[in-house]
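Counting along the sequence shown from 1, when you hit position 117 you're at 141 in this note's numbering, and nothing is skipped either side. All residues carry an ideal CB built from backbone N, CA and C; glycine is no exception. What follows is a single structure, written as structure tokens, with notes after it.
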Amino acid sequence: MKTLSYGVRGLDPGKRVAVVIHEWQRGTVDPELTGIPGLAAHAASHRGTENINRVTQAARAAGVPVFWSTIEPRADRVGTAGNSVLLAGLHSGTLSAGTAQADLHPGIEADTERDIWIRRVHGLTPFHGTELEPYLRERGVQTVILCGVSVDVGIPGAALEAVNRGFSVVVPADCTAASKPEIHEYIIAHQLRLIATISNADAVVAAITGLAV
Numbered sequence: 025m026k027t028l029s030y031g032v033r034g035l036d037p038g039k040r041v042a043v044v045i046h047e048w049q050r051g052t053v054d055p056e057l058t059g060i061p062g063l064a065a066h067a068a069s070h071r072g073t074e075n076i077n078r079v080t081q082a083a084r085a086a087g088v089p090v091f092w093s094t095i096e097p098r099a100d101r102v103g104t105a106g107n108s109v110l111l112a113g114l115h116s117g118t119l120s121a122g123t124a125q126a127d128l129h130p131g132i133e134a135d136t137e138r139d140i141w142i143r144r145v146h147g148l149t150p151f152h153g154t155e156l157e158p159y160l161r162e163r164g165v166q167t168v169i170l171c172g173v174s175v176d177v178g179i180p181g182a183a184l185e186a187v188n189r190g191f192s193v194v195v196p197a198d199c200t201a202a203s204k205p206e207i208h209e210y211i212i213a214h215q216l217r218l219i220a221t222i223s224n225a226d227a228v229v230a231a232i233t234g235l236a237v
């Protein structure tokens, strides 16, 4: 794997990185199918899908691995506990493996041969009960570029879990979304910045593009 040489904290020279996109699915950010309209609206308001595509395209070109973290419960909900407000909504909803809601947002340009899917039936973060950490360790990853939803819960949770495991985290804020813009602004400014480097798609693409020149 190649290394980065750009001045974003966490993407310093010699760092080995990966991109993880959490739950950018039709059931979360597609206005036609989401159960959280505010989340889809906020994602669209700053062109989140397009920004994620730019980051992942740059990553593939530079040999940086791309991971898609998706929630895909079984249709019978075996293994999916409704032990929180969010998970109770999932437990009683229609999103399940094999449905349209479980698909990535239709505007996403994934590479089904090169990208890696991290699927789970329970939990709120990409590390919970999945192979994500072993994948990252095997590739010698030191910094995770974290995109996706939601900044209300999933992104802070994922960032905290990554930091607890010894990874650095970079969050391009315009590759994320929250249920309301003011929640996004507040959590980015007062919580996420304490555990992650807050950046944007332009800066992250510039960093990753440096690998391919």
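*For D135, which of V187, E155, G106, T80 has the nearest alpha-carbon?*
T80
*Just the C-alpha distance for H66 and A42, rounded to the nearest angstrom, thanks.*
25 Å
*State the DSSP-derived secondary structure class of S69, mapped to helix, strand or coil.*
helix
*DSSP state of I169, grouped into three classes?*
strand
*asked:* Looking only at its chain, what residues have a beta carbon closer than 6 Å to the beta carbon of N77, apart from the 5 residues adjacent to it on each side?
replied: E133
*If we ignore side chains and look at the alpha-carbon of each, how far apart do A126 and L119 end up?*
6 Å
*CB D226 to CB H70, shorter than 7 Å?*
no
*If you draw a straight line from the alpha carbon of G34 to that of G122, how long is it in whole angstroms?*
36 Å
*the segment 171-186 in contact with the segment 134-154 per 3-pair CB rule at 8 Å*: yes
_Limits of the beta strand (DSSP E) - the one that S223 falls within_ = 221-223
*Same chain only: Cβ atoms within 8 Å of V32, ignoring 5 sequence neighbours per side*: V194, T221, S223, A227, V228, A231.
*7 Å Cβ cutoff met for D176 and I207*: At the C-beta level, D176 and I207 come within 7 Å of one another.
*Does DSSP put P5 in a helix, a strand or coil?*
No information on residue 5 is available, as it lies outside the stretch 25 to 237 that the chain covers here.
*For S108, is the classification buried or exposed, using 16 other Cβ atoms within 10 angstroms of its Cβ as the cut-off for buried?*
exposed
*Three CB pairs or more closer than 8 Å across the segment 41-58 and the segment 166-180*: yes
_Residue range of the unbroken alpha helix (DSSP H) whose run includes H115_ = In the DSSP assignment, H115 falls within the unbroken alpha helix (DSSP H) covering 109-116.
*asked:* If you reduce the DSSP assignment to three classes, tell me which class R40 lands in.
replied: In this structure, R40 counts as coil in the three-state DSSP scheme.
_As a quick exercise: from I140, P205, S93, pick the residue whose alpha carbon is nearest that of P61._
For the residues I140, P205, S93, the minimum Cα distance to P61 belongs to P205.
*Give the C-beta separation of G116 and E47 to the nearest angstrom, bearing in mind that I take them to be a contact with Cβ-Cβ under 8 Å.*
One point to set straight first is that residue 116 is Ser, not Gly, in the sequence displayed. About 18 Å separates the two Cβ atoms, so there is no contact after all.
_For F191 and P130, I'd like the C-alpha separation in whole angstroms._
Approximately 30 Å, taken between the alpha carbons.
*Nearest to P158 by alpha carbon, out of I142, A86, G147?*
I142
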